[in-house]
Amino acid sequence: MKKRDNSSLQTITLVLIATGLLFLALGGYLSPILNRTLEPVFGVQGWFYTRFQSLQDFLNAPSDLARLRLDNAQLREENANLQTQIIALQQQVSEVELLSALLDFARARPENSYQAAAVIGRDPSPFLHYIIINRGSDDGIRRGMPIVGQLGLVGRVSQVTAGAARVQLITDPAAQVSVQIQPSEVDGVLSGSLTGDLSIELIPQDAGLQAGDLVLTSGIGGGYPANILVGQVSNVRQEASALFQTASVQPVVDFTRLEIVLVIVNFQPVDLTPLLPNGEQSLP
Amino acid sequence: MTIAFGILLLFMATVLQVTLADRITLLSGPADFVLLALMSWNLQEDIHPSWYWGLGAGLMLSLSSVLPLWVLLLSYSAAAAFCQFLRQRVWQVPLLTLFTSVVAGTLIIDGITLGYLWLGAHPISLIEAFNLVVLPSIVFNMILALPAQTLVNELSKFLLPAGATR
């Protein structure tokens with residue numbers, strides 16, 4: 035009986051001590067003691083951990099290095115593939131943008147039928163401004179058909195083979211296009227030059243031209259359809275002693291960056307040569 | 002092997018000429034990659050120079066040029082013949098031969114082309130053509146002559162085994 039009382043008393047004492055310690059710990063009163071007690075323990079633990087980690091690194095290093103090299107090679111390969119994909123996608127995006135612009139141009143003139151063609155070369159002679167496109171007589175391309183870009187007139191087909199055609203650009207020194215200047219509605223003849231600059235000759239002196247006026251094909255002569263944008267007047271040269279004035283034209287098409295063009299396949303150019311006296315050329 | 006390499010070289014030069022030359026110009030004068038390849042090839046030590054290579058160059062260019070075949074054949078074979086003549090006379094100074102051949106070759110090719118266009122009533126101002134195309138082309142070709150010669154020299158050494166060119 036007495037033993038049981040002693041046991042109960044011990045249990046109660048222990049519980050009270052434990053509860054007291056718990057409350058002291060919860061109240062934060064034991065923290066300084068715990069910190070001081072655990073500090074050397076943590077130090078020893080840290081020392082062991084760092085040594086063990088170094089040893090583990092040393093033992094695993096060869097396999098890690100091989101794995102890292104493998105990962106690196108794989109990542110490099112993946113990076114190269116992704117870079118290639120990015121370049122391909124960028125090219126596709128620019129091509130889609132170009133095609134979209136060409137489509138807009140074609141939609142704006144539903145009366146014409148178009149055949150898209152890629153530019154595959156240029157004439158090697160610096161005195162001639164010609165391009166080669168990858169569509170020929172097999173695709174319905176015929177001599178004289180006009181060529182347009184996404185913004186305006188490019189030129190016309192001069193020679194055709196089965197699978198390709200040669201296009202004379204309007205910047206060629208021998209190219210001439212009958213144009214009309216808007217809003218003054220003055221007609222003139224657009225000529226190319228060796229440097230690729232465009233100018234309009236034979237403009238009457240009394241025509242009121244200004245920089246910024248639009249230049250469109252007039253359709254006179256039957257060489258080109260009417261109302262295709264060619265460019266804008268950039269400069270007007272007027273001399274009192276001259277019969278006509280001359281205007282420089284800034285083309286809307288960038289002829290150095292032609293990639294895809296449209297051939298107007300339902301336009302039949304009119305050859306006026308038989309109607310003209312001997313020795314005269316037909317109007318462009 | 003030598004002939005195959007020469008044809009391949011001229012073909013590559015023609016492709017460059019048709020696709021690239023128009024975009025890299027000095028004023029309005031482009032470099033003539035075909036002429037540079039032709040001269041560099043004709044001035045290789047182990048190659049016997051011949052105007053026949055000019056015929057090959059003209060033939061290749063005629064596939065993409067508006068100019069008549071005979072104009073290209075005549076101009077490039079004349080340039081190659083001049084190079085051949087010069088190499089036989091000034092063989093001890095290869096650099097002088099190279100630069101003289103390039104200058105004379107450009108003048109010959111552009112001269113014959115301009116002559117044909119002028120006789121064909123093509124509206125080209127000869128003075129303008131000389132100032133804006135011919136002179137810049139000569140300068141451009143001279144700038145590229147040495148690198149082209151070195152490139153062709155190294156390529157021929159690399160691709161043609163010793164003695165194969167003889």
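Heads up: the sequence lines are chains U and G, in that order.
For the first sequence, counting from 1, position 204 maps to 238 in my numbering; every step adds exactly one.
For the second sequence, counting from 1, position 130 maps to 131 in my numbering; every step adds exactly one.
We treat Cβ as the ideally placed atom computed from N, Cα and C, and that holds for glycine.
Fair warning: this is a prediction, and the values are worked out from it, not measured in the lab.
Within chain G, S29, I125, S126, E129, A130, L133, V134 have C-beta atoms less than 9 angstroms from the C-beta of U/L228, given in sequence order. Residues of the segment 142-172 of chain U that bring their beta carbon within less than 8 angstroms of a beta carbon in chain G comprise G155, R156, D157, P158, S159, P160, F161, L162, Y164, I166, in sequence order.
With fewer than 16 other Cβ atoms inside 10 Å of its own Cβ, U/R103 counts as exposed.
The distance from the Cβ of U/G178 to that of U/P303 is about 4 angstroms, consistent with a contact at the 8 angstroms cut-off.
A check of alpha carbon separations from U/L263 across U/A95, U/L250, U/G255, U/Q272 identifies U/L250 as the nearest.
DSSP places U/Y164 within a strand segment (E or B) once states are collapsed to three.
Only exposed fits G/M2, as fewer than 16 other CB atoms lie within 10 angstroms of its CB. Straight-line measurement puts the Cα of U/T84 at about 19 angstroms from the Cα of U/D98.
Within the DSSP secondary-structure output, U/T229 pairs in no beta bridge. Between U/G155 and U/V194, the C-beta spacing is not below 8 angstroms. In the structure shown, U/S282 adopts extended strand secondary structure according to DSSP, grouped into three states. Proximity of U/A196 to chain G, defined by a Cβ-Cβ separation below 8 angstroms, is not satisfied. For the segment 58-75 of chain G, the set of residues with a beta-carbon nearer than 7 angstroms to any beta-carbon of chain U comprises L62, S65, S66, V67, L68, in chain order.
When 8 angstroms is used as the limit between beta carbons, U/T290 is near these residues of chain G: D23, R24, in chain order. Contacts with chain U at 8 angstroms (Cβ-Cβ) do not include G/T107. The residues G59, L60, S63, in chain order, have a CB closer than 8 angstroms to that of G/L70 in the same chain once the five nearest residues on each side in sequence are set aside. Interface residue (Cβ-Cβ distance to chain U less than 8 angstroms): G/V140 is not classified as such. Cα atoms of G/G57 and G/I128: separation of roughly 31 angstroms, rounded to the nearest angstrom. Below the 8 angstroms Cβ cutoff, chain G contributes V67 as neighbours of U/R200, in chain order. The C-beta of U/P207 comes closer than 8 angstroms to at least one C-beta of chain G.
8 angstroms or more divides the Cβ of G/L44 from the Cβ of G/P124.
The closest CA to that of G/L99, considering only G/V134, G/L118, G/S65, G/P50, is found on G/P50. In the structure shown, the three-state DSSP call for U/N269 is strand. Residue pairing by DSSP places U/A152 opposite U/I294 in a beta bridge. By the criterion of a C-beta distance shorter than 8 angstroms, G/D23 is surrounded in its chain by P31, once the five residues flanking it on both sides are discounted. Within a 10 Å sphere around the beta-carbon of U/Q202 sit 16 or more other beta-carbons, which makes this residue buried. U/G226 is classed as buried because its beta carbon has at least 16 other beta carbons within 10 Å across all chains shown. DSSP, read as helix, strand or coil, puts U/R110 in helix. Residues of the same chain with a CB within less than 6 angstroms of the CB of U/G174, apart from the 5 flanking positions on each side, are V299 in chain order. Chain U places no beta carbon closer than 8 angstroms to that of G/V104, leaving this residue out of the contacts. Contact annotation for G/L118 against chain U: F161 [CB-CB distance below 7 angstroms, chain order]. Excluding five sequence positions before and after G/L74, the CB atoms of its chain that fall closer than 8 angstroms to its own CB belong to G55, L56, G59, L60, S63, given in chain order. Our two residues, G/T15 and U/L277, have alpha carbons roughly 46 angstroms apart in a direct line.
Under the three-state reduction of DSSP output, U/I67 falls in the helix class. The segment 114-128 of chain U makes no contact with the segment 266-282 of chain U; the number of CB pairs closer than 8 angstroms stays below 3. For the set U/D240, U/G255, U/G230, U/D305, the Cα lying nearest the Cα of U/F289 is the one of U/G230.
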